[in-house]
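In UniProt numbering, the protein residues as written are 1 to 343. Single-structure report; data block below.
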């Protein structure tokens, strides 16, 4: 550019200037790498001010026992771990998860109840395992979470016949789901270690009661609950006993933000809260719920995928071999289900 000439936006090339003639602000597209850098700087700034505690049923680090009885660390395989892989690789925080086996239990016991810094080179995260009696976890996971909640929220019950809400389900709620959620809340509070305003990121249908339990012990916590499966209409939720569905909705309203996979799910949640919680008010224009003096933002935050990683897998030799194998069935109807690549 010649000397003495202004370098303001009016002298930028047309492709970078945007629609300035109409009075709009200059729009300069940014690259994916630039966006990642911006997000990285934002995360760094936030985490310098507040500790981050993530909670989910499965975590990013799992310990297995070798034939000699030695602890062998491996990357966790949960979908939420995949969704938060960039966070795991680049930032230091604590992830609270259920102990999935004897290796996790032993690793936590050897850590004297504290956090465990991941020994994996691709992770900066620390793990803290929640250890509960095996029978309690069985009721929590194998009776209440998966056979009941997962099918309910995917609208897969035939309401004339199922679900059968009997004493087994009520017992699983009272002596499985509720105490496991309390154990998670206690671990989160212990990890907060008296700091008044930690950021607590709770994930999915396994931990619906955690927000209210944490809020009671750490009133200043910033609680974000992300639900990674559908939230059906209140007609579906009415298949559950009043006390259970009400407690679930009330607890989620103790969060500062509740996030869903779609705007439809978010709207359905607002309708459920207004129908099931006495005194709750849903503002559909602003996507908020007001209950018990607290305001909860209701948002659609669908989980993303790592596009570059998925493309690399799709172009790999192994994927091409699968593709050729599927091609052998072109004369028939073929259904391929790939959960981990959902947008």
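Glycine included, every Cβ here is placed at the ideal spot set by N, Cα and C.
Secondary structure at residue 328: coil, using DSSP grouped into helix, strand and coil. Rounded to the nearest whole angstrom, the CA to CA distance from residue 117 to residue 219 is 28 angstroms.
Close CB contacts of residue 195 within its chain, under the 7 angstroms cut and outside five residues either way in sequence, are with 51 (chain order). At least 7 angstroms separates the beta-carbon of residue 248 from that of residue 297.
In this structure, residue 53 and residue 200 form a Cβ contact; the two beta carbons are roughly 5 angstroms apart against a cut-off of 8 angstroms. When C-beta atoms of the segment 281 to 295 are compared with those of the segment 262 to 270, three or more pairs fall below 8 angstroms, so the two segments count as touching. Out of 191, 132, 317, 204, the CA that lies nearest to the CA of residue 145 is found in 204. Across the structure, residue 284 and residue 84 are spaced so that their CA atoms are roughly 29 angstroms apart. Residue 150 is not a Cβ neighbour of residue 125, given a cutoff of 7 angstroms. Looking from the CA of residue 130, the closest CA among 56, 93, 74, 87 belongs to 56.
Between the C-alpha atoms of residue 139 and residue 29 there is a straight-line separation of about 51 angstroms.
Separation of the CB atoms of residue 221 and residue 198 is rounded to 5 angstroms, and the pair is thereby assigned contact status at 8 angstroms. Taken in chain order, the complete beta strand (DSSP E) segments of 3 or more residues contained in the segment 52 to 129 are 52 to 56, 61 to 65, 71 to 75, 94 to 98. Bounds of the alpha helix (DSSP H) holding residue 137 are 134 to 138. By the beta-carbon neighbour count (other beta carbons within 10 angstroms, threshold 16), residue 154 is exposed. Taking C-alpha positions only, residue 166 is separated from residue 252 by approximately 25 angstroms. Only residues of its own chain outside the window of five on either side were considered, and among them 76, 95, 97, 127 have a CB closer than 6 angstroms to the CB of residue 59, listed in chain order. Secondary structure of residue 223 (DSSP, three-state): strand.
Residue nearest to residue 108 within the set 325, 62, 329 is 62 (criterion: CA-CA distance). By the 16-neighbour rule on beta-carbons within 10 angstroms, residue 123 is buried. Looking at the backbone, the Cα of residue 72 and that of residue 104 are separated by about 10 angstroms. Excluding its 5 nearest sequence neighbours in each direction, residue 224 has C-beta neighbours in its own chain below 6 angstroms: 201, 257, listed in chain order. Looking at the DSSP output, residue 283 bridges to 288.
The Cβ atoms of residue 78 and residue 136 lie no closer than 7 angstroms to each other.
Non-local beta-carbon contacts of residue 169 in its own chain, meaning distances under 8 angstroms to residues more than five positions away in sequence, involve 143, 144, 148, 163 in chain order. Residue 206: not part of any beta strand (DSSP E); DSSP gives it neither H nor E. Here residue 180 is buried, its C-beta having at least 16 other C-beta atoms within 10 Å. In this structure, residue 185 sits near residue 213, with a CB-CB distance shorter than 7 angstroms. As a beta-bridge residue in DSSP terms, residue 297 pairs with 257, 288.
DSSP lists 52, 222 as the beta-bridge partner residues of residue 199.
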